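Colleague: So the protein sequences, as listed, match chains A and B.
Numbered by my numbering, the letters in the first sequence go through residues 1 to 363 in order.
Numbered by my numbering, the letters in the second sequence go through residues 1 to 363 in order.
Structure below; questions to follow.
Number of protein chains: 2
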Amino acid sequence: MGTKRPTITDVARVAGVSKGAVSFALNGKPGVGAQTRERILAVAHDLGWTPSLRGRALSVSRALAVGLVIARTPETLGVDPFFASFITGIETALSERGYALMLHVVSDAQSEHESYRRLAATGRVDGVFLTDMRVDDLRPQLLDDLGLPTVVIGLSPGHGPWSSVYIDDQPGITAAVEHLVALGHRNISHVAGPAEFVHGVSRRAAWASAITDAGLTPGACITSDFSAQGGADATNQLLDLPEPPTAIVYANDLMAIAGMSTAIGRGVDIPGQLSITGFDDSPLAAYLQPALTTARTDVVGWGRAAAYRLLALVDGEKGCEIDLPSPVLVVRASTAPPCHQGTGAPLKDRRGPAPIRDRKKFR
Amino acid sequence: MGTKRPTITDVARVAGVSKGAVSFALNGKPGVGAQTRERILAVAHDLGWTPSLRGRALSVSRALAVGLVIARTPETLGVDPFFASFITGIETALSERGYALMLHVVSDAQSEHESYRRLAATGRVDGVFLTDMRVDDLRPQLLDDLGLPTVVIGLSPGHGPWSSVYIDDQPGITAAVEHLVALGHRNISHVAGPAEFVHGVSRRAAWASAITDAGLTPGACITSDFSAQGGADATNQLLDLPEPPTAIVYANDLMAIAGMSTAIGRGVDIPGQLSITGFDDSPLAAYLQPALTTARTDVVGWGRAAAYRLLALVDGEKGCEIDLPSPVLVVRASTAPPCHQGTGAPLKDRRGPAPIRDRKKFR
DNA sequence: ACGAAGTAATAAACCGGTTTAGGGCCGATA
DNA sequence: TATCGGCCCTAAACCGGTTTATTACTTCGT
């Protein structure tokens, strides 16, 4: 409360030098002698001086902050483990450099554009992350026009001139399909995310090609919306088919969990009559009954890589490529060999040998 | 890209007036004539002028941003629906005033304090929210010392001189207990959050007093940690008791979901042999099998109220009290009358009349 | 011994706003 | 008519840093 924070002017006065000298000394720049520098640093330390972000931001014409705009409703955001991990990763990189993260959560695409405009117009951030990429997304162009450095999350290289940090979903989905095929499944369905999102279509494509690569024909595919309601509805549709699938690959954990519950509610035994896989490895996945087989991605590392990339971009550097690990499949109890219709074999006999068992292995 | 953003100096030059006049005109302050004001506004509009946050922040000695530091691991954060809703609420209030939210996600209490110090030292924010209050929390004192306006979330009034925005958990837990008692339960356990957190102890206290108010004796209570693993472990402990409870009130949905799965995995029928209630109304709760009876809180409204309060505090006003709705119990399928041990009555007969059914009612 | 090159430090401009002090100019009052 | 008080506007200081231009003083080379 009492007195205000000391400024470099205070430091300069006490040390008996000019403002400029203090600035040079504190930033390790030439133009000031060794012992004078020592003295200035000592005075700054004694006075408890810390740089004012506001002053610095104005003079270097940088906000020293980056932005993340999330267009989601609280319902879809609250159970999606992606952003929590992603933001954690971002922070680890930003904090090293004294940068901070400005978060905007908006509900619709309209206010999302408005949000970016405001961030750019007021100069609040030096760059932004772009997530939840849509096919034919207008935002990269908007941000280009606004002159705001941007790192696109999850767009495969070659989709445009934009700087992107990419983890390929494909290996995760492929591993799930291969796992199911190895267990003996031949009728494998997919509950996809919206065709509007690139991770919706890419996971769907990965599912289809993995199945054809195995010499099989893709089963039914229902396009849903990544929500619990959507997962439940899609599952009902699939189970109502004349030839219901023996396994369903869901595009995310939330739909998989809701779908699994729906199936159980209809009296379907899992994994006896139906195998289920998810995507995300939600913290809940291991604690469900049965525990969910799902694909895990290093989202924290992804966030960190994206942040390094954005900071490099802001500094005008190219930004090195960072190798990110591919998704891995975590096999749990929700997948097992299919049983032929009507076979009443007891559950434990129907459980196949699980190639990679549960989580300790992946710690 | 091309030219830089126009500044008030540009506007002044084009309009043929001084910088000061432009500032007066743009801020609606007296000191400039009506028609001159019109002209200045027109020029500013033509030039596409927008205020520079950096310049303004420096001259008014305000950051025009507020901070939220979250000390959680990605695992616990990713499935907790609280923060998504809370942040959404905050945004609705902040965006009206041109304020922004700086988010820090850190992993431990150590870096949390460091985080606050940095926010204060660099003057990056004008105030902060304090969540996840602990008993004997050191942070309010720290923020007091740092001179950072603070709004405490979820501390009942009277616990200190600090400005707080509060929703009482108690009605939610009480309603759950009363619901269970009405169904006929007499042995009701509780899986509590850590005694370290105020919402851990307050929910536990609410459970205990609701039961004694009903003329019963509280059943076993196990202190856990709000995590899925903790919920599963606690459930195992309770079911291993010589006289296991017929109902368990969990302090949050995550533990309830993991606990329900654990019980099902042990062959316990829910709600036939065991009723379960959660707290939060996670977006998943309605889609589980059985759907989870849980308490819902208006977290978005809470966030909005907290933001209004903090902005008022920053402006030096008192900040009016905002009435927030109490938690309401959403009754779903995970609660039913208890069955006496060994009774083999079919499930549908054991289901009691549900006083308030599912969600449409609460939309 | 003299000019060139380099070093240490200062004064001042600058970033983009806000705010204060003060100068003309007007009409109203004594 | 001289004085006072408002109104409209300008000039300049200010917020807290960074950065450039400039000056004073060394040191080096020949």
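A virtual CB, placed ideally from N, CA and C, is assigned to each residue, including glycine.
In this text the structure is predicted, and so the values were computed from the model without any measurement.
Can you tell me whether V60 of chain B is buried or exposed? The criterion is at least 16 other CB atoms within 10 Å of its CB, across all chains shown.
Modeller: Exposed, by the Cβ-count rule.
Colleague: Using a C-beta to C-beta distance shorter than 8 Å, which residues of chain A count as neighbours of R54 of chain B?
Modeller: Within chain A, the residues near R54 of chain B are R54, A57, L58, S61, A63, G123.
Colleague: L254 of chain A lies in the alpha helix (DSSP H); which residues open and close that run?
Modeller: Segment 253-265, the alpha helix (DSSP H) holding L254 of chain A.
Colleague: Report the option in B:T88, B:I70, B:D80 whose CA atom is closest to the CA atom of V128 of chain B.
Modeller: Selected option, being the one with the closest Cα: B:I70.
Colleague: List, in order along the chain, the chain A residues whose C-beta lies closer than 7 Å to that of A84 of chain B?
Modeller: Going along chain A in sequence order, the residues near A84 of chain B (Cβ under 7 Å) are P74, L77, G78.
Colleague: Taking a contact to mean a Cβ-Cβ separation below 8 Å, would you say H179 of chain B touches L292 of chain B in this structure?
Modeller: No, the Cβ-Cβ distance between H179 of chain B and L292 of chain B is not below 8 Å.
Colleague: Does S451 of chain B get closer than 8 Å to chain A when you measure Cβ to Cβ?
Modeller: Residue 451 of chain B is absent from the model: chain B starts at 1 and stops at 363.
Colleague: Can you tell which of A:G147, A:G33, A:L155 has its C-alpha closest to the C-alpha of M133 of chain A?
Modeller: Per the Cα distances, A:L155.
Colleague: Which whole-angstrom value describes the C-beta separation of I153 of chain A and L130 of chain A, a residue pair presumed to lie in contact below a C-beta threshold of 8 Å?
Modeller: Their Cβ separation, rounded to whole angstroms, is 6 Å, which keeps I153 of chain A and L130 of chain A in contact under 8 Å.
Colleague: Exposed or buried, which one is R266 of chain B when buried takes at least 16 other CB atoms within 10 Å?
Modeller: R266 of chain B should be labelled exposed.
Colleague: How big is the Cα-Cα spacing for V314 of chain A and V151 of chain A?
Modeller: Their backbone Cα atoms lie some 10 Å apart in a straight line.
Colleague: In chain order, what residues of the same chain lie with their CB nearer than 7 Å to the CB of A182 of chain B, ignoring the 5 residues before and after it?
Modeller: Once the five neighbours on either side are set aside, A182 of chain B has no close Cβ partner at all.
Colleague: Go through its chain and collect everything with a Cβ distance to G230 of chain A's Cβ below 7 Å, but skip five positions before and after it.
Modeller: Closer than 7 Å at Cβ, skipping near neighbours: S224, M255.
Colleague: Between I264 of chain A and chain B, is the shortest Cβ-Cβ distance under 8 Å, so that the two count as touching?
Modeller: Output row for I264 of chain A: interface = yes.
Colleague: Is there contact between the region 285-304 of chain A and the region 323-339 of chain A, where contact requires at least three CB pairs shorter than 8 Å?
Modeller: Touching, yes, given that three or more Cβ pairs across the two stretches are closer than 8 Å.
Colleague: CB V249 of chain B to CB V177 of chain B, shorter than 8 Å?
Modeller: Yes; because the gap between Cβ atoms is below 8 Å, this pair is in contact.
Colleague: Report the CB separation of F222 of chain B from R203 of chain B in whole angstroms; it is logged as a contact under 8 Å.
Modeller: Reading off the sequence, residue 222 of chain B comes out as Ile, not Phe. Contact flag wrong, Cβ pair sits at about 13 Å.
Colleague: So, at 6 Å on beta carbons, what are the nonlocal neighbours of S85 of chain A in its own chain, with the 5 sequence-adjacent residues on each side left out?
Modeller: Result list for S85 of chain A: V299, V300, in chain order.
Colleague: Using only CA atoms, which one of B:P81, B:A208, B:A34 lies nearest to A365 of chain B?
Modeller: Residue 365 of chain B lies beyond the residue range present for chain B, which begins at 1 and ends at 363; the question has no answer from this structure.
Colleague: Just grab the DSSP bridge partners of G127 of chain A for me.
Modeller: The partner list for G127 of chain A (beta bridge, DSSP) reads A:V66.
Colleague: Quick one: which chain B residues come within Cβ less than 8 Å of A232 of chain A?
Modeller: Near A232 of chain A (Cβ distances below 8 Å), the residues of chain B are Y287.
Colleague: Is DSSP giving L142 of chain B helix, strand or coil here?
Modeller: Three-state DSSP puts L142 of chain B in a helix.
Colleague: Check Y308 of chain B in the structure and name its three-state DSSP category.
Modeller: In the structure shown, Y308 of chain B sits in a helix (DSSP, three-state: H, G or I).
Colleague: Is there at least one Cβ from chain A nearer than 8 Å to V128 of chain B's Cβ?
Modeller: V128 of chain B does not count as touching chain A.
Colleague: Answer yes or no: do A15 of chain A and V32 of chain A have a C-beta to C-beta separation smaller than 8 Å?
Modeller: No, they are not a contact pair.
Colleague: Please return the same chain residues whose Cβ sits closer than 7 Å to the Cβ of L238 of chain A, not counting the five positions on each side in sequence.
Modeller: Hits under 7 Å: S189, A220, I222, P244, P245, I248.
Colleague: Would you identify the three-state DSSP class for L47 of chain B, choosing helix, strand or coil?
Modeller: DSSP places L47 of chain B in helix when its eight states are reduced to three.
Colleague: Which runs of the alpha helix (DSSP H), 4 residues or longer, sit entirely within the region 146-214 of chain B?
Modeller: Within the region 146-214 of chain B, the complete alpha helix (DSSP H) runs of at least 4 residues are 170-183, 198-213.
Colleague: Looking only at its chain, what residues have a beta carbon closer than 6 Å to the beta carbon of D80 of chain A, apart from the 5 residues adjacent to it on each side?
Modeller: Excluding residues within five positions, none has a Cβ falling inside 6 Å.
Colleague: Please tell me whether V300 of chain A has its Cβ less than 8 Å away from any Cβ of chain B.
Modeller: At least one chain B Cβ lies under 8 Å of V300 of chain A.
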